[in-house]
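With UniProt numbering applied, the sequence shown corresponds to residues 1 to 194, in that order. Even for Gly, the Cβ is constructed at its ideal location relative to N, Cα and C. A quick note: this is a predicted structure, and the numbers were derived from the prediction, not measured.
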Amino acid sequence: MVPDEPDSEEPANPAQPAAAAEPAAEPEPQVDPAVAALSLIAEIEFSGGDPQIGPPADINPWGIAVVGYPYWFWTDGPSSLQASQESMGIEVSLDATATSVTFDTGDGGSVTCDPASAPRWTQGVAPKQESPSCGYTWTERSATPSSPESAHTVTATTTWQVDWTAGGESGTEVVQRSESVDVVVGELQALVTG
């Protein structure tokens, strides 16, 4: 008797290993619109305001500012700024306005003015006429016989209000910038004869 031949046919549907599932893509991190706005604000060069003083010291024979004389203060530079560009993948718009400028007069005094409307001194201004809104009179000299070049450092600090919109949100930031100038202030002595 012939033994049965073993069945050599393979199963029609052999079991296949399951394909490994691909990992789900991680969601892109969401950028906070306020962070994007602050990033752009940090890139903007806001003006500190170039401090100006009139009448300038170089128009008098002594070449110095004088104790007791009323001086006009103002700044040269823009008082508004607009910008719109992409920051961290978000479109950001800025609308900035210089709301005030404070002059530290170098002798312990200060005066705060509106940078957009502070009147400028011109040669048409009458002698000893005070500024209508932004002036100062030094009462102490900076220069002395032993230190004739000693000066008061006048620092103008401009405050900017920056309104921003980004990604459907909005907000306001305050930015301050400063610039300085040295002013030699002396005291004139009247010579009495006779």
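Check: Whole-Å CB distance - S131 paired with T153, under 8 angstroms assumed; Outcome: About 20 angstroms separates the two Cβ atoms, so there is no contact after all.
Check: Cβ-Cβ distance between V67 and E140 below 8 angstroms; Outcome: yes
Check: Cβ shell of Q129 (< 8 angstroms), same chain only, five flanking positions each side left out; Outcome: P70
Check: Identified DSSP bridge partners for C113; Outcome: V101
Check: Within the UniProt region "Disordered" (120-155), ranges of the beta strand (DSSP E) (whole runs, at least 3 residues); Outcome: 135-137
Check: Proximal residues to S93 (C-beta, below 6 angstroms), its chain only, five neighbours per side dropped; Outcome: S84, T165
Check: Per-residue burial, G186 [other beta carbons within 10 Å of its own, 16 or more giving buried]; Outcome: buried
Check: Cα-Cα separation between G171 and R177, rounded to whole angstroms; Outcome: 20 angstroms
Check: Uninterrupted beta strand (DSSP E) stretches inside the stretch 63-101 (no shorter than 3 residues); Outcome: 70-76, 80-87
Check: Extent of the continuous alpha helix (DSSP H) to which E43 belongs; Outcome: 33-43
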